[in-house]
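Please read the structure below before turning to the comments.
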DNA sequence: TAGTTTGTACTACGTCACGTCGTACTACAC
DNA sequence: GTGTAGTACGACGTGACGTAGTACAAACTA
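Residue numbers (our numbering), protein chains in the order written: chain A, 1 to 146; chain B, 147 to 292.
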């Protein structure tokens with residue numbers, strides 16, 4: 001049996017390309033040429049290489065694309081933060097950790113105090129959403145599993 | 147330049163082998179033969195395949211090994227939870243997320259209420275440690291960065 | 001002591017993911 | 001109609017992994 005890991009992983013260049021898309025002003029996306037020109041400033045690279053990468057990214061559903069004249073305009077399918085979170089969650093799931101509390105504890109153990117604060121803030125935010133969802137019979141964002 | 151992602155990734159079989167090591171009664175580790183016999187019950191596999199995998203795992207420092215007669219006894223270098231946490235952290239670092247709060251928020255968004263509880267528990271635990279560290283001039287576990 | 005077993009070390013092969021392009025072909029602008 | 005974007009498709013090299021064979025040494029056994 002071949003090698004297969006559940007969800008889409010990002011290669012180094014793929015990640016760099018995603019960077020450029022994320023950096024492209026506010027959801028405007030970018031064409032191959034635009035990404036190419038951006039990359040070319042930092043390193044030597046062929047136009048077609050960028051094209052291929054963007055293409056693979058699209059196949060992995062990490063980016064979307066829309067026709068723009070003869071060319072395609074690419075958009076990140078998710079924000080950097082959402083993708084990061086997904087990847088982290090996938091790790092947690094794949095590892096089949098039974099003691100999640102311990103795993104999370106280890107995670108926090110390597111966290112900066114700033115990060116701890118961020119987590120607390122995020123936690124408070126989620127709780128607020130849960131309360132809101134409980135208040136209105138069918139709130140619009142109460143997606144808590146189980 | 148070749149393909150290179152910072153830290154060690156786990157392949158499918160590698161993960162399965164790690165499972166067996168983690169399951170081997172309380173830090174007793176396991177020999178190639180033991181892992182092999184364990185795996186053989188579930189699927190057909192060659193003794194040498196297991197050996198190779200264990201060997202690669204050792205090269206990646208994911209397992210340790212000690213001589214035991216003519217054979218080697220392998221031990222997981224980290225607990226499943228610690229490794230999971232490391233991998234999650236690496237993801238967070240690699241993605242160069244600037245808005246960690248948002249990323250964490252997305253992460254929590256996909257969490258079960260049980261998991262939320264786990265996080266809270268872990269958070270409380272870390273805070274308790276910080277306080278303890280502040281109380282005694284040089285506590286034994288106050289590793290908070292920044 | 002010669003044969004069998006157990007274990008390691010080393011080598012190797014197939015496949016897939018990725019980085020990296022080249023080529024062929026098409027639509028549009030002069 | 002001759003460049004100039006652009007795309008579509010195919011291809012090659014390398015590294016990671018799954019998979020395992022072979023060679024050879026140590027240890028047990030008849």
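Think of the CB as a built atom: it goes at the ideal place given N, C-alpha and C, for glycine as much as any other residue. Quick caveat, the model's predicted, so the values are computed rather than measured.
Contact set between the segment 223-237 of chain B and chain A, restricted to residues whose Cβ is under 8 Å from the partner = 225, 226, 227, 228, 229, 230, 231, 232, 233, 234, 235, 237
Starting from the C-beta of residue 30 (chain A), find all residues in its chain whose C-beta is less than 8 Å away, skip the five residues before and the five after it, and write them out in chain order.
-> 20, 21, 24, 38, 73, 74
Just list the beta strand (DSSP E) runs in the segment 177-210 of chain B, keeping only unbroken ones of 3 residues or longer that don't cross its boundaries, in chain order.
-> none
Examine chain B for any beta-carbon lying closer than 9 Å to the beta-carbon of residue 103 (chain A), and answer yes or no.
-> yes
Any beta-carbon of chain A closer than 9 Å to the one on residue 197 (chain B)?
-> No, residue 197 (chain B) lies away from the interface with chain A (no Cβ there is under 9 Å from its Cβ).
Just by C-beta distance, which residues in the segment 259-274 of chain B are closer than 9 Å to chain A?
-> Answer set for the segment 259-274 of chain B: 259, 260, 261, 262, 263, 264, 265, 266, 267, 268, 269, 271, 272, 273.
Is residue 270 (chain B) buried or exposed, if buried means 16 or more other CB atoms sit within 10 Å of its CB?
-> exposed
Identify the contact partners of residue 253 (chain B) in chain A, using a Cβ-Cβ distance below 7 Å as the criterion.
-> Chain-order list of chain A residues neighbouring residue 253 (chain B): 85, 88, 89, by C-beta distance under 7 Å.
Using only alpha-carbon positions, find the residue among A:105, A:107, A:114, A:122 that is nearest to residue 256 (chain B).
-> Comparing Cα positions, the closest option is A:122.
Between which two residues does the alpha helix (DSSP H) containing residue 263 (chain B) stretch?
-> 259-281
State yes or no: is the C-beta of residue 159 (chain B) within less than 9 Å of the C-beta of residue 209 (chain B)?
-> no
Quick one: what does DSSP say residue 290 (chain B) is sitting in, helix, strand or coil?
-> Low confidence applies here, because residue 290 (chain B) scores a pLDDT of 49, under 50, leaving its location unreliable; read the following figure in that light. It is coil, neither helix nor strand.
Interface flag, residue 3 (chain A) vs chain B, CB-CB below 9 Å | Summary for residue 3 (chain A): the model assigns pLDDT 36, below 50, so the residue's position carries little reliability; its value from the coordinates is reported in the next sentence. It does: the Cβ of residue 3 (chain A) has a partner Cβ on chain B nearer than 9 Å.
From residue 48 (chain A) to residue 80 (chain A), what distance separates their C-alpha atoms?
-> 25 Å
Using 10 angstroms around the beta-carbon of residue 207 (chain B), count the other beta-carbons present and answer buried if the total reaches 16, otherwise exposed.
-> With fewer than 16 other Cβ atoms within 10 Å, it is exposed.
Alpha helix (DSSP H) containing residue 85 (chain A): first to last residue?
-> 80-94
Mind checking if residue 35 (chain A) is an interface residue toward chain B, Cβ cutoff 9 Å exclusive?
-> The Cβ of residue 35 (chain A) sits no closer than 9 Å to any Cβ of chain B.
Below-9 Å beta-carbon distance, residue 257 (chain B) vs any chain A residue = A Cβ of chain A is located within less than 9 Å of the beta carbon of residue 257 (chain B).
Quick one: Cα of residue 204 (chain B) to Cα of residue 136 (chain A), how far?
-> When only Cα atoms are considered, residue 204 (chain B) and residue 136 (chain A) end up about 54 Å apart.
Is there at least one Cβ from chain A nearer than 9 Å to residue 163 (chain B)'s Cβ?
-> no
Please say whether residue 279 (chain B) and residue 104 (chain A) have beta carbons closer to each other than 9 Å?
-> no
Note down, in chain order, every chain A residue with its Cβ under 7 Å from the Cβ of residue 243 (chain B).
-> 80, 81, 84
Under the three-state DSSP convention, the category residue 23 (chain A) falls into | helix
Can you name the residues of chain B whose CB is closer than 7 Å to the CB of residue 100 (chain A)?
-> Neighbours of residue 100 (chain A) in chain B, taken as residues at a C-beta separation under 7 Å, are given in chain order as 261, 264.
Which of helix, strand or coil does DSSP assign to residue 214 (chain B)?
-> strand
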